[in-house]
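There are 4 protein chains.
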Amino acid sequence: MQGNTFGRIFRVTAAGESYGTALQIIVDGVPPGLPITDAEVQYELDRRRPGQSAITSPRKEKDKVRIVAGVFDGHTTGAPVGMIIYNNDTEPFHVKQYAKVMERVRPGHADYTFFIKYGRFRDWRGAGRSSGRETACRVAAGAIAKKILAREGIEVRGYTKEMAGISARPGLTWDDIVANAETNIARCPDSEAGERMIAKTLEAAKKGDTVGGIIEVIARGVPAGLGEQVFDKLTAVLAHALTSIGSVRGIEFGDGFEEARRLGSEDNDIPYYNEKGEVKFKTNRSGGMLGGISNGDDIVFRIAVKPTSTISIDQMTINVIKKRNEKLVAETRRDPTIVPRVVPVAEAMAAMVLVDFLMMWNGYRSLRRDMEGPMLGQDILSAPNV
Amino acid sequence: MQGNTFGRIFRVTAAGESYGTALQIIVDGVPPGLPITDAEVQYELDRRRPGQSAITSPRKEKDKVRIVAGVFDGHTTGAPVGMIIYNNDTEPFHVKQYAKVMERVRPGHADYTFFIKYGRFRDWRGAGRSSGRETACRVAAGAIAKKILAREGIEVRGYTKEMAGISARPGLTWDDIVANAETNIARCPDSEAGERMIAKTLEAAKKGDTVGGIIEVIARGVPAGLGEQVFDKLTAVLAHALTSIGSVRGIEFGDGFEEARRLGSEDNDIPYYNEKGEVKFKTNRSGGMLGGISNGDDIVFRIAVKPTSTISIDQMTINVIKKRNEKLVAETRRDPTIVPRVVPVAEAMAAMVLVDFLMMWNGYRSLRRDMEGPMLGQDILSAPNV
Amino acid sequence: MQGNTFGRIFRVTAAGESYGTALQIIVDGVPPGLPITDAEVQYELDRRRPGQSAITSPRKEKDKVRIVAGVFDGHTTGAPVGMIIYNNDTEPFHVKQYAKVMERVRPGHADYTFFIKYGRFRDWRGAGRSSGRETACRVAAGAIAKKILAREGIEVRGYTKEMAGISARPGLTWDDIVANAETNIARCPDSEAGERMIAKTLEAAKKGDTVGGIIEVIARGVPAGLGEQVFDKLTAVLAHALTSIGSVRGIEFGDGFEEARRLGSEDNDIPYYNEKGEVKFKTNRSGGMLGGISNGDDIVFRIAVKPTSTISIDQMTINVIKKRNEKLVAETRRDPTIVPRVVPVAEAMAAMVLVDFLMMWNGYRSLRRDMEGPMLGQDILSAPNV
Amino acid sequence: MQGNTFGRIFRVTAAGESYGTALQIIVDGVPPGLPITDAEVQYELDRRRPGQSAITSPRKEKDKVRIVAGVFDGHTTGAPVGMIIYNNDTEPFHVKQYAKVMERVRPGHADYTFFIKYGRFRDWRGAGRSSGRETACRVAAGAIAKKILAREGIEVRGYTKEMAGISARPGLTWDDIVANAETNIARCPDSEAGERMIAKTLEAAKKGDTVGGIIEVIARGVPAGLGEQVFDKLTAVLAHALTSIGSVRGIEFGDGFEEARRLGSEDNDIPYYNEKGEVKFKTNRSGGMLGGISNGDDIVFRIAVKPTSTISIDQMTINVIKKRNEKLVAETRRDPTIVPRVVPVAEAMAAMVLVDFLMMWNGYRSLRRDMEGPMLGQDILSAPNV
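Residue numbers (the working numbering), protein chains in the order written: chain A, 1 to 386; chain B, 1 to 386; chain C, 1 to 386; chain D, 1 to 386.
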């Protein structure tokens, strides 16, 4: 309820601040018998951690994770999986840089809104709980979700589709993404565009500025039937999950906002039985969801990531204790862009949602019976015409 | 969990199909003493109901609501408010039109995915539970949410910003929206653009086709502080609520996807104290939310609505019982566009979210103490530099 | 959250007051294809309704239920099942009896606590939302839960074990309960004791007084494995469900409070493989739950029901508007005991919990793999002794 | 959902096994500005930990807690509070004692039911997740809940009312409990009875046996109004919370099961205005709750704790891997009784529930308006008599 738990059957709870002692993650609803190691979780965390490239924050955090509960002899036991990541970089002399401006809210950040909620008790050390640091917990939990999905033949992949105003070429395929998304620090499978993205980002960084971008995520192998009715459509819960990531400003499914400009006859995906008797769709404008329920096609969505709010340029702001306008001097340690670091976070959130819906759907359908036969309401066919 | 309940403290549960006996709505968490009448709920329902104009479905449904629980002597009592809307148009001879194609899924609709979940037990009568008819329940519940918000000085307004590819002029103000959004059947405050939207929609309709559009919603008077940490940001829950509406393909907050193309220095909203000592922002690119928590400025978001999937043009599709490809002949009764009808639905969902967060936040802060004083961690200021 | 919804996957939401227009029930999570009729729900409601015997309230309410959503052609569709029960007995001249004492709280009732919460907006007509009338909703929802359980081979039965201080003979079997619980108005399978219970109740009633009793509920056919870890044990959720029924003052599982007086060696149920290779237990002191999870044996629990608070004897009380002590004159229309009427309510709550846990458990275990083989941690067997 | 999270606004999530690396606790919904130290949490943990007396398990665990998130400069920040307790006693040569019987389920324990759910992946080391060890997490979270309650003038106290068949003398007052409950290792405020309880327990222990008992918990200072309608009554949620503790076999409120034997006229608590104009009750048979909502009087309930299932007497049982009946030899390390150790756990659960309801109620009532005035429905007073 307070926003630090996500999911229903596969349920992630997290705690921890940017410069607190540690981040804690508890993942409930993990089925027993899943082989999992610290190293597998670490692999995903390393994709997100700071200091991994020239276009990300130079903060020194190894984000070393340790599984402390729910795993025994290399396998999950059905008990909640507990993980902990200690923060390294928390010495008072480091934190002091933030202390000097503790009363001043940084434009674009949650400093002001956290002050409204938590007042003088707000943890101002590197944004505390509102720092992007919390996304390490999402990635750790997502690593487990991904392993569960892999056993079910489902894979989730994200990549940078646009950054610093530069777009990847259209028509990138799943194979392109699998082969190339991780080959450059922009996480763009179109490596030529990726290079230009990086150059443009470094150029902005040199001026003390930052850039944003657009991430596309695709989930392949998702069976038809995931998503609930009305309020908990798969679209809706994915939207919830993804826009809960800091700096995400919007989400669109399939062709998204572009669909608003089409005619109905141009937008419907036509289903058909292929020669194997499988249901396929001629197109995937819907992003693999009809009425908010997965239709067996690739799940596709995009999120908009704003430029990092922390910039190395002086800005005016407010001092919330002295209640006056003040100048906030430029900061030096920051991410020129967070777009490539958000890619694994977005994948993690999508994976968590998919596992959860899978369990939900399985629980529900386990009590279905007599599914074969004619549709209900056959007698209406013989109703009189009036 | 099954998707027919939304919210935490202010909690809406709904049931009912397109051609079932009735729609039922239960709204839990309504504070006692709110004056409310059937007519006030009816007012909002009339904005959504079919048959209201040349560009909406001609289906004859009065959507007559009756409050049957939770209200006594014209006031809410603190008990859950129960409402019922009987369907009129449910005679077998009417339903027969759907019976003829009960085995064929309509492209763009949830027919196929509902078949996957519910098999031969799917209610195929006008899409059953997956019909847009369920949005009447959202609007009825939203009417109560709006009344609660009004007492707190909060108002939620939506309008059509784009339809059939025609955009309203930029720079529309709150006053424009209040004064003009309801003056034309497009629900566009720019009446000149509205006329062109209507013409273009009717033109598509004549060819049996349909159009989509973009709706903007603004909430004014929202206090700073609404929204939870991490997973339940106000952005995230609004995204959940709004993308749960059928046909909504995306959502963006503030300047949304456009922000992905900006520099950080161009995107931050600068706060300041005005002469009255109030905190204001120079710009509202963020749509009134920082770190996913309301900042006191207008809440602003946009949703993309796809063109109505039901068209009067023949389409190929599958027969899920006979398991073969078949032609689906054109339907005649449909909405040329649902965009103007989605406007009150979008407002309703936003209002429900805001009331819920207001109660959440109030419950939480009621146990805060000693909020005045210096920020925590003053001693760090005297830490040595290393 | 406000208390009008119960359950997680199988989820019941209800509204309605004692003298409001109607009671509404929405049951979400009902699997598709369950045959269900109004009459089947009515059967259970008739077991609970007032006026059924000399020892229950003479109030005239037929409790006629109508399914208005979620059922098509005699089967559930997977959509939420909506039901409505209109109140008959709501004419102002009837309600007037309550109006005369609207400001006075009735001892033993929720009048005072509802006044604290809802103040002058409390619906005082026959206790409004805090009336036992709401239990009709529980029974209606429970009728659906029971039908689902019946398909899975699970049956839930309750009976009066003690009333007005008279106990049924010990050693009643499942067959006794099935055969005889419904044969007398006390709902006691020991008909001789039942007759004495009835006589004692009528004797108290003649003096304007009321009696309580103890109900035992048994669920047969429950598979081992239902119940979650730690906070959501089957015991805990049953306790929640059952003590949420008005007038229930306690619950005990298996041998319950008696176990507190035993030695460990007297209390453990010893498991064994029978000749068919099935796991059985020599005794069932635990009431079919170990560590809060069903063990395949009969689920057994008892609840204590206090005497009806409404009595036909003058009592002192407070006038909450005039803020003074006043006499409350004797009421004439009341239940000499509610014990037999609580039996179907208790069964309904237990059935709802069992269906919910069944879906929960099925969802969760659907993702288990590789369950056969040696226990984890075999290498510990070769650890050195220190 | 999986049972490792409890609460709604004040929400506790826990992980950790008996012989795993660590126990983790995350408490969400803690208001900002609460002064809290590791030592304060440790104080409560020390009341629960093993090895504290001759009648508890000799296991060597210091249960040393560390707060790693959500607290800054000695105060909560509004972020979730994360705590960790590392297990000391986890060396393979210690765990080996359990390994030798890993395939055999211990009678009375959750070994069998966990095996059904988690199969060969069950953590058998000292019962893993189903061990009473998890209650350390409850106590740690409860320590925070208690501090919040203390600021609101609410105190929760538990004590041993009966153990090994010996009852404390009737009529113990709040002052007796505060002064004496912690003065003997039985946690019985009647120290004479406490001595006999201890003697009887040691006598059973000498024979390898164990004993149970009854704990009473009282919460003083609880304002009237806590508890929701219908399904989430304060009684119901307390019952859920308390019966979720392992070994608890029942709960009763106020006079509980005894009320089932009374007449209505003997059971109603009569309210009155005292000379200060405060509402008081002549008696407190209801345990401070009417209609499941607190009435301002002391909250009183009792729980039955069964004798420890682990005994030092040989028992027959099943080997679930070899699927045959086998003897389980006597264990040596065990609690002769857990009753005194359950006292702080019961207090913790009650405190968590009370804080949660307090926030719930405050959130809800914050939107009430116009509470003063005449009751609704005055016009019914002039209805005709028919």
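Glycine residues also receive a C-beta, built at the ideal position from the N, C-alpha and C atoms.
The three-state secondary structure of N88(A), taken from DSSP, is coil.
Taking CB atoms only, Y112(C) has a neighbour in chain D less than 8 Å away. Apart from sequence neighbours up to five positions away, the residues of its chain that approach G212(B) with a beta-carbon distance below 6 Å are V305, K306, P307, ordered along the chain. For the segment 92-103 of chain D, the beta-carbon criterion of a distance under 9 Å to any beta-carbon of chain A is satisfied by none of its residues. According to DSSP, G158(D) shares a beta bridge with V217(D). Considering only A181(B), K161(B), G82(B), L172(B), the residue with the shortest C-alpha distance to I144(B) is G82(B). A residue is called buried when at least 16 other Cβ atoms come within 10 angstroms of its Cβ; A346(D) meets this threshold and is buried. Taking CB atoms only, P344(D) has no neighbour in chain C less than 8 Å away. Selection K206(D), A224(D), Y112(D), V156(D) evaluated against K280(C) yields Y112(D) as nearest (Cα-Cα).
Cβ-Cβ distances below 8 Å link N284(A) to G254, D269, D297, D298, V300 in the same chain, with the five nearest sequence neighbours on each side left out; the list follows chain order.
Listed along chain A are A69, G70, T77, G78, A79, P80, each with a C-beta nearer than 9 Å to that of R129(D).
Assigned with DSSP and collapsed to three states, K280(A) falls in strand. For secondary structure counted as the alpha helix (DSSP H) over 4 or more consecutive residues, the segment 171-242 of chain B holds these complete runs in sequence order: 174-180, 191-206. Distance from the CA atom of R187(B) to the CA atom of E228(A), rounded to whole angstroms, is 30 Å. If you check each beta-carbon in the segment 302-317 of chain B against every beta-carbon of chain A, the ones closer than 7 Å belong to A304, V305, K306, P307, T308, S309, I311, I313, Q315, M316, T317. Using a Cβ-Cβ cut-off of 8 Å, D73(D) counts as an interface residue toward chain B, since at least one Cβ of chain B sits closer than that to its own.
Here the alpha carbon of L23(D) sits roughly 27 Å from the alpha carbon of L149(A). Taking 8 Å as the CB threshold, S366(A) lines the interface with chain C.
In this structure, the straight-line span from the alpha carbon of Q52(C) to that of K62(C) is close to 10 Å.
One finds nothing in chain D with a Cβ atom closer than 7 Å to the Cβ of R157(A); even the nearest lies about 28 Å away. Just measuring C-alpha positions, the residue of R334(B), E275(B), S265(B), S247(B) sitting nearest A204(A) is S265(B). Given a length threshold of 3 residues, each whole run of the beta strand (DSSP E) inside the segment 253-307 of chain D is given here in chain order: 271-273, 279-281, 299-305.
Under the DSSP assignment, L34(C) falls outside any beta strand (DSSP E); it carries neither an H nor an E label. Put simply, the segment 153-169 of chain A touches the segment 208-223 of chain A. At least three CB pairs are less than 8 Å apart. Annotation for V345(B): the continuous alpha helix (DSSP H) segment containing it runs 339-365. With respect to chain A, the C-beta atom of E331(B) has no partner C-beta closer than 8 Å. Burial check for F93(B): the Cβ neighbour count within 10 Å stays below 16, so the residue is exposed.
In terms of Cα proximity to L381(D), the closest of L34(C), R66(C), K96(C), Y19(C) is K96(C). Taking a Cβ-Cβ cut-off of 8 Å, the neighbours of R122(B) in chain C comprise P32, T77, G78, given in sequence order. Under the Cβ distance rule, N4(A) counts among the residues neighbouring chain D, one pair being separated by less than 8 Å. According to DSSP, residue pairing for I166(B) in a beta bridge involves M163(B). In summary, the residues of the segment 14-38 of chain B whose CB is separated from some CB of chain C by less than 8 Å are A14, A15, G16, E17, G20, T21, A22, L23, Q24, I26, D28, G29, P32, G33, in the order they occur in the chain. For I245(C), no beta strand (DSSP E) segment is defined, and its DSSP state is neither H nor E.
Across the set H240(A), I313(A), K200(A), the C-alpha of H240(A) shows the shortest separation from the C-alpha of V353(A). Put simply, of A168(C), E40(C), G78(C) the residue whose alpha carbon is nearest the alpha carbon of G225(A) is G78(C).
Setting aside the 5 residues that flank it on each side, F72(D) has no residue in the same chain whose C-beta is closer than 6 Å to its C-beta.
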